[in-house]
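At position 104 of the sequence shown the residue is numbered 833 (our numbering), and the sequence of numbers has no breaks.
Okay, so here's the structure we're looking at.
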Amino acid sequence: MRVVKYELRRCPMEIFREFYEHVPEPYLSRHAKFCSSGPIGIAILEGNNAIERVRKIIGCTNSSKASPKTFRGYYYRKYRPKYGYDNFIHASENKEAVDREKKFFKIWI
């Protein structure tokens, strides 16, 4: 894989409230506050099976069930988030999501 684009930036809470609109309250507000509390890294990677490979490296969405050999599993075990699933990393699940998310975060390559 190769990094096509990488940016470090801060995003307002409203961006994350819209991005994670599928998450029910009170988790949505708490997660949007967490995501907007500091700078985030936004990366676009490409290569053979990039989506599947990245998602395997970061681990399953429920961090408490993720392998300790993944990013989510490692950080869950290290920080033991109060709500058990705090998700500090996101990866697109398919090509359609990549296209939506690039527009959402205004990333152009």
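Glycine is no exception: its CB is placed at the ideal position from the N, C-alpha and C atoms.
Judged by DSSP in its simplified three-state form, Arg-746 adopts helix. One alpha carbon belongs to Pro-810, the other to Glu-825, and they sit about 30 Å apart.
With the rule of 3 Cβ pairs closer than 8 Å, the region 736-743 counts as touching the region 751-769. Here Ser-796 has Gly-788 and Gly-802 as same chain residues with Cβ atoms under 7 Å from its own Cβ, once five neighbours each way along the sequence are excluded.
Straight through space, the alpha carbons of Asp-828 and Val-732 are spaced by roughly 16 Å. Val-783 has its alpha-carbon roughly 10 Å from the corresponding atom of Thr-799.
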